[in-house]
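Below: the structure, in structure tokens.
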């Protein structure tokens, strides 16, 4: 075999020269690219090679040159045409077996071939630059390197024809249908393109054994990552080949998470466990949470030191901050609200209950009284006729004027000055605590356009005429005075009245004494006393008038006798 350089071949076929048969032989030998040229790829020990066979060993071409007639005993490739005496059973590699192999000297000076060298400038590979393609299993390569495998109907193309960027293409043909995967790199990104239904990524649970090909035993039982663009909608499936959302995640516990489901027309995420779901959606003006879980919604705070908090979201150590039940009840600090809204706290002083379940709405404040077994409440509500305040507290209601905002005053109910108190019996005091014996006590000045005492005959018994009071009235001591600070009245205003303890000596019915010794005077009732005194005085005047008239008559009679 004689491999002629390109320049020499060109010279033999130009300038009107008529090529000889030897020129054509040199041309054919110099175009060694086909199997029928006896090219057998890499050298393999134990194969019978014949004269003219070409192999590659250690990145170099060698041709078989058997040394004389030395039959090796191997079966010929073609018993009808081959002469076993011309073959050699190759045991030593071509570089060592110089008697049966000859190095083919390829001239690269004409730039037909490119020699790739390592960092030490040692040749490690060579390819034909004239064609720039290598075909394995195919005679017409469509890429710089094109590998075709008939058994799997597969093609592997490294740097395909017409590619403008670095690219690698895997192609599979079945029933005349071609599917492909392309990987290429641009200046800004790496691209993966395909005309299949999508991309599937698998990780085997066990490492492949020695000699096994990774991924060879993939089955449908694996948990893939699958990317698809079915229906022109990009989808990613984790643990599923049929994603139903832009992101669809499945795990072995039958738990599913979907972000932006395909059927949705609004942005939403869906969490599914068995037959229960939680959907979060964003409407044009509203954010929505939807679930069919039997206990509704829980918002919880986990333990700060719990590293496995995601797996233990339902752990008893977590604290429920807010719950929303399917019935619409809301619990703050509780998972079991007993009314429309319940606000409470573990170990706290009480609870707030807002109730819309009854006919009439109500708002209740409950005091747990942690030091006793009894609880009490304040209920505020309204029906069709009344606004109502109800309590079972032992001392009734109190309205206070609190201190200045701040210092926890706005939360402390046991502070400030009593303005109005109402006892459980209905006794009311304005300006202090309710004293015994009075239904209404104003500790201060009161002004009214009219004041009536209800002494209807139907409400009194045993009415008797008031006896003589004139003598006692004469003993009363009217005084002028001013109130001091204890009276809750202006201290500069001059007052006229009586001192109750002085009146008590003569009219004890007009004086009331509290358990603390404070005395009050029924000024309105003194009208009856003064009226009676005036009547007595009038009777005296009339009696004296009669006596004067009688005396005048007697005087006149005596004077007439004279």
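Residue numbers (my numbering): 148 to 709.
Where is the CB? At the ideal position from N, CA and C, for every residue including glycine.
This structure is a prediction, so every number in the text was calculated from the model and none was measured.
Cβ shell of residue i (< 7 Å), same chain only, five flanking positions each side left out
| i | result |
| --- | --- |
| residue 390 | 373, 375, 382, 383 and 384 |
| residue 550 | 556, 562 and 563 |
| residue 199 | 148, 185, 210 and 211 |
| residue 325 | 318 |
| residue 307 | 289, 290, 314 and 316 |
| residue 398 | 386 |
| residue 490 | 479, 480, 498 and 499 |
| residue 699 | none |
Integer Cβ distance of residue i from residue j, believed to fall under 8 Å
| i | j | result |
| --- | --- | --- |
| residue 238 | residue 192 | 6 Å |
| residue 465 | residue 449 | 5 Å |
| residue 661 | residue 584 | 7 Å |
| residue 423 | residue 440 | 5 Å |
| residue 591 | residue 635 | 4 Å |
| residue 428 | residue 408 | No, residue 428 and residue 408 are not in contact; Cβ-Cβ is about 10 Å, not under 8 Å. |
| residue 502 | residue 509 | 5 Å |
| residue 420 | residue 437 | The pair is not a contact, with the Cβ atoms about 15 Å apart (cut-off 8 Å). |
Buried/exposed call for residue i, threshold 16 Cβ in 10 Å
| i | result |
| --- | --- |
| residue 405 | buried |
| residue 248 | buried |
| residue 694 | exposed |
| residue 320 | exposed |
| residue 533 | exposed |
| residue 311 | exposed |
| residue 697 | exposed |
| residue 476 | buried |
| residue 342 | exposed |
| residue 622 | exposed |
| residue 486 | buried |
| residue 196 | buried |
| residue 665 | exposed |
| residue 473 | exposed |
Endpoints, beta strand (DSSP E) assigned at residue i
| i | result |
| --- | --- |
| residue 286 | Note, residue 286: premise wrong, no beta strand (DSSP E); not H, not E. |
| residue 307 | 301-307 |
| residue 642 | 642-644 |
| residue 722 | Not covered by the structure: residue 722. The range shown for the chain is 148 to 709. |
| residue 346 | 345-348 |
| residue 376 | From DSSP, residue 376 is part of no beta strand (DSSP E); its letter is neither H nor E. |
| residue 330 | 324-332 |
| residue 203 | 201-204 |
| residue 539 | Run containing residue 539: none; DSSP gives neither H nor E here. |
Same chain, Cβ closer than 6 Å to residue i, five either side skipped, listed in chain order
| i | result |
| --- | --- |
| residue 624 | 649 |
| residue 246 | 214 |
| residue 535 | 528 |
| residue 285 | 293 and 295 |
| residue 470 | 445, 478 and 482 |
| residue 394 | 383 and 406 |
Endpoints, alpha helix (DSSP H) assigned at residue i
| i | result |
| --- | --- |
| residue 619 | 617-622 |
| residue 676 | 673-708 |
| residue 648 | 647-651 |
Residue of the options minimising C-alpha distance to residue i
| i | options | result |
| --- | --- | --- |
| residue 511 | 521, 504 and 525 | 525 |
| residue 588 | 470, 578, 558 and 595 | 578 |
| residue 349 | 428, 508, 646 and 370 | 370 |
| residue 627 | 332, 486, 541 and 640 | 640 |
| residue 345 | 652, 337, 329 and 333 | 329 |
| residue 548 | 559, 542 and 539 | 559 |
Cβ neighbours of residue i in the same chain (closer than 8 Å, five flanking residues each side left out)
| i | result |
| --- | --- |
| residue 580 | 565 and 568 |
| residue 683 | 615, 616 and 617 |
| residue 203 | 188, 189, 190 and 209 |
Distance cut-off 7 Å: residue i Cβ against heavy atoms of the ligand SAM
| i | result |
| --- | --- |
| residue 301 | As far as ligands go, the structure on display features none, and thus does not contain the ligand SAM. |
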